[in-house]
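Trainee:
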Amino acid sequence: MENSLFIHLGIALLLALFSSKLVKKLHLPNVTGYLLMGILAGPYVLGILTEESVASFHSISEFALGFIAFSIGAEFKLSYLKKAGKAPIIIAILEALLAVVFVDIALIATGHNLQFSLMLGAIAAATAPAATLMVVRQYKAKGPVTETLMPVVAIDDAIALMLFGISLAAVKALGATGTSPLWLTLVTPVLEIILALLLGAVMGVLLMLLVKWFSNKGNRLAISIAMIAITVGLSKTFGLSELLSVMSMSALFVNLSKDSEAIFSMVDGFTPPIFMLFFFFSGADLNIGILPSVGMTGLIYVVVRVLGKVLGATLGASVCNSPEPVKKYLGFTLIPQAGVAIGLATLSLSVVPEFGQAIKVIILAGTVIYELVGPVATKIALTKAGDIEPAMKKKLNPAL
């Protein structure tokens, strides 16, 4: 079994690399190739990888999310935040809120159960930053949309958790199953966010101190990897968001350490194979066979959530008087949805057990669609916004 895991790991890397060559000819983002190749090679299509082997690599996905969060946290430089002002926060709140409200209204208006509608709508706020970050990296996107996008997707995770907590409280107040008092339901997500940020802050200080003790590049890289891994592990142990914890660590480090630029550059050079495996196994884990089972309810969720994201981002950018490209295109970069949404869908099983399984199937089916469409939409939006230079559309990095 152990030997076959190594073989599957090697096959996964080779197939991911091969897929990047194929999608390059189609002018699609590499991440789309990784996902598609993972779906094809996975247990639900060609069966090159078994369900057991895919499950055994879940730790790689969690590890990769730590590096993704580390990269996003680097965008929280105080110098940039002072320049950007409150725009990313307002945009993140409105795009998340409108996604939730739109899905709630659409489901209720089409005759769905109120508790079911609120629970499914609550999950609509979550956005997966991984695919978006990979497109930004691959095409070296720079400009007003990219500068706004990165902090927005970082803040989105915290807002999604809070909105879910509010919706959860509403569902329980309406008589859904569950024994926790209402005040605890409301306080819990806020407390989880605060604890995740505090954990990240402590780890950020430790990272800064450890980096000072070593000047060798290899040692510094090892320290960074170790701190990311430990932060992810501690977050999982205490039931906190790994994304928020690692982003907090990274944000504190980038603002306090004069060595941060060199560290981030080294970590970025280490991550391409990890990200390839992350998206490949994410694809392999997606069962496209569930797509036909979601019906009209799933279609409403998938379409209306995107409308909420796009209109919410446009409204937020307009309120903040952001540049025109941000108003027009930012919302289309917020389509991907994966890990956080699936986690929230799993929680719904214990809150509304009569609807939990249906909610999870819809979210899983939505993940398949969003993870395939999202990167392409992000590339198109960033190109139209002028954040991707024409030369970069031809000169693609084969690894990312």
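Just so you know, the sequence shown maps onto residues 126 to 525 in this note's numbering. Idealized CB from N, CA, C, for every residue including glycine.
#1: Would you check if the distance between the CB atom of T157 and the CB atom of V148 is smaller than 8 Å?
#2: On the criterion of 16 or more Cβ atoms from any shown chain inside 10 Å, does E177 qualify as buried, or is it exposed?
#3: Which two residues bound the contiguous alpha helix (DSSP H) that contains L232?
#4: Where do the N-terminal and C-terminal ends of the alpha helix (DSSP H) with G433 fall, by residue?
#5: With C-beta atoms as the reference, is F406 less than 8 Å away from S129?
#6: Evaluate L140 with the Cβ neighbour count: other Cβ atoms within 10 Å of its Cβ, from every protein chain shown; 16 or more gives buried, anything less gives exposed.
#7: Could you give the distance in angstroms between the alpha-carbon of E496 and the alpha-carbon of L411?
#8: Would A510 and Y454 qualify as a contact pair, given that the criterion is a beta-carbon distance under 8 Å?
#9: State buried or exposed for H237, treating a residue as buried only when at least 16 other CB atoms are found within 10 Å of its CB.
#10: If A295 sits next to L243, beta carbons under 8 Å apart, how far is it from one beta carbon to the other, in whole angstroms?
#11: Compute the Euclidean distance between the alpha carbons of A301 and I230, then round it to the nearest angstrom.
#12: Considering just the uninterrupted stretch of the alpha helix (DSSP H) at F201, what are its terminal residues?
#13: Would you say F404 and Y205 are within 8 Å of each other, going by their C-beta atoms?
#14: Between G420, M421, L416 and L459, which lies nearest to L432 when the distance is taken from Cα to Cα?
#15: Any idea if H133 is buried or exposed, counting beta-carbon neighbours within 10 angstroms, 16 or more meaning buried?
#16: Kindly indicate which three-state DSSP category T458 falls into: helix, strand or coil?
#17: What did DSSP end up calling A510 once you bin it into helix, strand or coil?
#18: Rounded to the nearest angstrom, how far is the Cβ of I248 from that of I488, given a contact under 8 Å?
#19: Whose CA, out of V435, M352 and L190, lies closest to the CA of F227?
#20: Rounded C-beta distance between S373 and G325? I'm assuming under 8 Å.
#21: Beta-carbon within less than 7 Å of I197's beta-carbon, same chain only, minus the 5 sequence neighbours each way: which residues are those?
#22: Is the beta carbon of F363 less than 8 Å from the beta carbon of L334?
#23: Looking at E220: is its Cβ nearer than 8 Å to the Cβ of G456?
#24: Tell me, please, whether the CB atom of M352 is closer than 8 Å to any CB atom in chain C?
Mentor: Concretely, from the data shown:
#1: yes
#2: exposed
#3: Start and end: A212 to A234.
#4: Its alpha helix (DSSP H) spans residues G420 to V444.
#5: no
#6: buried
#7: 10 Å
#8: yes
#9: buried
#10: 6 Å
#11: Any answer about A301 is weak, because its pLDDT of 45 lies below 50 and its placement is not dependable; what the coordinates show is given next. Going from the Cα of A301 to the Cα of I230 covers about 19 Å.
#12: Unbroken run through F201: none, as it is neither H nor E.
#13: Against a cut-off of 8 Å, the Cβ pair of Y205 and F404 comes out as no contact.
#14: Nearest option by C-alpha distance: L459.
#15: buried
#16: In the structure shown, the three-state DSSP call for T458 is helix.
#17: If DSSP states are grouped into helix, strand and coil, A510 belongs with the helices.
#18: 6 Å
#19: V435
#20: 2 Å
#21: P254, L258, M275, V278, A279 and M372
#22: It is not a contact, given that the beta carbons lie outside the stated cut-off.
#23: Between E220 and G456, the CB-CB gap stays under 8 Å.
#24: The structure shown contains no chain C; it holds only a single protein chain.
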